[in-house]
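Reminder that position 38 of the sequence shown reads as 1277 in our numbering, one-by-one numbering, no gaps.
First up is the structure itself, then whatever we jot down about it.
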Amino acid sequence: MTHSPNGGYPPHGGYGQQAGDYQQPHGGYQTQTAPPYPPAGDYHQHEGMYQSQNRRQSRRGKRWLIVVATIAVLGLITAGVLNYFKIGPFSDKGKPVSFGQDKDGGQAGGANAQKPDSKVSMPTGPKAEFKNTSTLSDGTQVAVTTLDGKKSGFKGKVWVWAPKAYSDPKFKDHGFPVLVALPGGPGFPNNYWMDDGGLHLESSITKWYNEGKGKPFILAMPVLNPKPDDGGLYWDGSDIPGQPKMGTWLTEDVPDLMKANFRTIKSRDGWAFMGSSSGAFSGLKAVLKHPDKFKAVIASGPDIVPDSPLWKGHEKEKAENNPEVLAKDLIARKGPDVYLAFQYGTKESSVIPHVDKFIATYGNKGPVHTRLQKIEGGKHNAKTYIEGMDAGSMQWISEHMAGPVAP
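The following block contains the structure:
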């Protein structure tokens, strides 16, 4: 199932005054010339004239100082605006981003030596080559790298972002939770969650953390598919026989990238998924299939069963990637506990019955804990799902996650 990420946000535009449009308020001042010496007998009269002229010159000097200061201030404001909107030489776009790592891959300002009993996993390296794709208003950066997946054999893009709290000195040795965010739709060659200008996932995570409604998650935003999702050709976030191993890519290679470059949490308490549509299916299935690695998911407008045509002839493997089968098996095994936050808009008629059936059959039975967020008037798009996360889904999974964790 596919969808538009936000229903068509208008581009940034019309930001007030543009660079170079500044109009100097002053006009052509006329220079007045006085005779070099006053005539005999008229000294006091001409002294007054000279004093008046000096006052005019003083006022003129003050006006010039105001003009120069105004230009300087406007220059600083304009530079900041241009940087925020990624314009011209003021943009950081394409520049290297370290996320606090030193040149050898260790964490600058943190303890590179790892205690065996620590709850924190310090960056293991090797350091990835991250390049800035955008800078948020709080100075945090979204960056991208091309990951050559050693376990899946798939090579693709991953966007990452760390909240401002990650660079706070009081958390310099702390491990942070990671949220793997998956798109719906084609899921290749981009992941629409990386564009904070449209959906505001990154800035919302900061807002929710500041409000006490969410964890300060580090985001990993990988491509979902190895090729464009054309004509019903998609990979279900799975290792379909004879196809690129997208299940391994999402659950092993991408987490390995995050562990190599960030201070993370060793236990599954610091690892979760979120996704919309086909990305929601992939995240839901990943948590149910690997509950030893991941603890929670926000599944928005999800598919419930695998339905890619690429499964044809591989029924056994298809069943092994079916959330219904996986939930049943997890209940039978009596754990570990997982937390599944479902979301849908009330106008998603094709999604609602399948989600409701799953919750009724498997929800809140043994280790499978579920919650449903209904978004009134919501449609099958990512903008709707951000509203649901704000309304309660993010807070619910955060209550069951850890972080920041002290070493």
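The beta carbon of each residue, even a glycine, is placed where N, CA and C say it ideally should be.
Separation of K1534 and L1418 (C-alpha to C-alpha, rounded to the nearest whole angstrom) is 11 Å. For D1387, the secondary structure class from DSSP, reduced to helix, strand or coil, is strand. When rounded, the separation of the alpha-carbon atoms in V1544 and S1515 is 14 Å. Only exposed fits E1638, as fewer than 16 other CB atoms lie within 10 angstroms of its CB.
The beta carbons of S1539 and Q1582 sit closer together than 8 Å. Taking a contact to require three or more Cβ pairs closer than 8 Å, the stretch 1433 to 1453 and the stretch 1384 to 1404 qualify as touching. Here the C-alpha atom of E1556 lies approximately 8 Å from the C-alpha atom of W1550.
I1444 carries a helical assignment under DSSP once its states are collapsed to helix, strand and coil. For the 8 Å CB-CB criterion, F1512 and A1499 do not form a contact. Between the alpha carbons of T1379 and V1462 lies a gap of roughly 21 Å. A direct Cα-Cα distance of roughly 33 Å separates H1529 from L1375. Of the candidates A1420, L1579 and L1440, the residue whose Cα lies closest to the Cα of D1595 is L1579. As a beta-bridge residue in DSSP terms, S1539 pairs with S1515 and Q1582. Taking one beta carbon from each stretch, the stretch 1383 to 1398 and the stretch 1620 to 1633 have fewer than 3 pairs nearer than 8 Å; the two do not touch. Annotation: L1565 to A1599 spans about 15 Å, alpha carbon to alpha carbon. Residue burial annotation: G1424 is buried, with at least 16 other C-beta atoms found within 10 angstroms of its C-beta.
For I1457, the enclosing beta strand (DSSP E) has its first and last residue at I1457 to P1461. DSSP, reduced to helix, strand and coil, places W1400 within a strand of the structure shown.
Counted as a single uninterrupted DSSP element, the alpha helix (DSSP H) harbouring V1493 occupies residues V1493 to N1500. For W1510, the secondary structure class from DSSP, reduced to helix, strand or coil, is strand.
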